[in-house]
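What follows is a single structure, written as structure tokens, with notes after it.
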Amino acid sequence: MIKAGEHKVGEPFRLTCKNCGKTFESIRSNTIFCCSKCCADFNRHEKTKSREHERICLNCGQTFVTSRADKKYCSEICRNSAHIARRRAKRSKEKTE
Ligand SMILES: [Zn+2]
Ligand SMILES: [Zn+2]
Numbered sequence: 183m184i185k186a187g188e189h190k191v192g193e194p195f196r197l198t199c200k201n202c203g204k205t206f207e208s209i210r211s212n213t214i215f216c217c218s219k220c221c222a223d224f225n226r227h228e229k230t231k232s233r234e235h236e237r238i239c240l241n242c243g244q245t246f247v248t249s250r251a252d253k254k255y256c257s258e259i260c261r262n263s264a265h266i267a268r269r270r271a272k273r274s275k276e277k278t279e
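Remember, my numbering sits 182 above the position in the sequence shown when you count from 1.
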């Protein structure tokens, strides 16, 4: 917060953009971004960050980060090998029955 006396009335505030770090001037003391583009950029980034979460790969057991809720495997390779293993297990089950 800028205390009264440190800022002259009618003069713009010197602020630092929270997105690009650039110094900019604003007539409002509570402005966070230098432009609307920085505001949109920052919010988009925050949103994708919050959507990302750690998961454990169902094939190799390694943790991986994904923003998709339905992702079960760390990679295409693990996804494919899990599918092959499932198909193989199903086939061997059919043989014994
Ligand atoms: Zn900016
Ligand atoms: Zn994996």
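For glycine and all other residues, C-beta sits at the position ideal for the given N, C-alpha and C.
All values reported here derive from a predicted model rather than from experimental measurement.
- The beta carbons of T248 and E234 sit closer together than 8 Å.
- Rounded to the nearest whole angstrom, the C-alpha separation of L240 and R270 is 16 Å.
- Look at S208 here: in three-state DSSP terms it is strand.
- For H227, there is no enclosing beta strand (DSSP E); the enclosing alpha helix (DSSP H) has its first and last residue at 218 to 233.
- Taking 8 Å as the cut-off, the Cβ atoms of K204 and C216 count as close.
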